[in-house]
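Chemist: In my numbering, the protein residues as written are 107 to 385. Below you'll find the structure I mean.
Rendered as structure tokens:
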């Protein structure tokens, strides 16, 4: 088992039902933009990497195209199959991207908050091998920020006091948000600076999700760093978080969704330099 598969299962698949129930989906406008910018139609063939519990798969299926969705977590794959039951244009395959070897290429390859889990040494070259020359790679990330509220300040204090080993640095809310943005920029630049790809679109979508004393601890329990905390310590921390949020009623979580679309650099240059249709 690869390091990636171990981390993935610990963070997501073990708590698959929780993940499916509390993780936020993606904006309707994002799906419309993907369909338009990638030129997806009913005859298109799409690969979704890391489908999870099928949160995005169900929405992509509305395009009418053929979708092959791969997911390495057995529990998540089972939920995805249940979510897409009856959709004849969707196939859920329990497999890692590294071991996935399809017979045909795809018109578009998509990954929703999953691309950074793929083995760094192979992913870009393999993406190109699986994508048609005129195909698109669409990458989506949900980034969670901290709001400037009183409840968030208390929750942030609980992190430092209850999980000092996992969160040793005493950072302000503003510093935490700067760190989240820096991590997102690193992910973007990894793709933008890759010589095999050319970015054709980068869009952002902002939203605020509201959680109560039951759902917010569940959301935190889907984050890899929290899952890695010893069980008893983690339970005490989540219980304290629940008590804090209960006093305030709800907690708002700002979520920034990023869409990055790119194409094969050589194909993009070929299209740009083509004289077909020019005067």
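Cβ coordinates follow ideal geometry from the N, Cα and C atoms, glycine included. Bear in mind the structure is a predicted one, so any value in this text is a computation, not a measurement.
Would you call residue 278 buried or exposed, if buried means 16 or more other Cβ atoms sit within 10 Å of its Cβ?
Modeler: exposed
Chemist: For residue 349 and residue 263, I'd like the C-alpha separation in whole angstroms.
Modeler: 13 angstroms
Chemist: I need the straight-line Cα distance from residue 168 to residue 196, nearest angstrom please.
Modeler: 10 angstroms
Chemist: So the candidates are 329, 371, 309 and 340; which of them puts its Cα closest to the Cα of residue 135?
Modeler: For residue 135, the nearest C-alpha among the options comes from 309.
Chemist: Is DSSP giving residue 360 helix, strand or coil here?
Modeler: strand
Chemist: Take residue 148 and list the residues in its own chain whose beta-carbon comes closer than 8 angstroms to its own, dropping the five residues that flank it on each side.
Modeler: 169, 170 and 171
Chemist: Can you name the start and end residues of the alpha helix (DSSP H) that residue 302 belongs to?
Modeler: Careful: residue 302 lies outside any alpha helix (DSSP H) and carries neither H nor E.
Chemist: Are the CB atoms of residue 157 and residue 198 nearer to each other than 8 angstroms?
Modeler: yes
Chemist: What three-state label does DSSP hand residue 197 in the structure shown?
Modeler: strand
Chemist: Is it the case that the Cβ atoms of residue 236 and residue 154 are separated by a distance below 8 angstroms?
Modeler: Cβ distance not < 8 angstroms, so residue 236 and residue 154 don't count as in contact.
Chemist: Taking the beta strand (DSSP E) that residue 239 belongs to, which residues open and close that run?
Modeler: 237–250
Chemist: To the nearest angstrom, how far is the alpha carbon of residue 297 from that of residue 327?
Modeler: 29 angstroms
Chemist: Does the segment 137–148 come close enough to the segment 120–129 to have 3 or more Cβ pairs within less than 8 angstroms?
Modeler: no
Chemist: What are the boundary residues of the beta strand (DSSP E) that includes residue 212?
Modeler: 212–218
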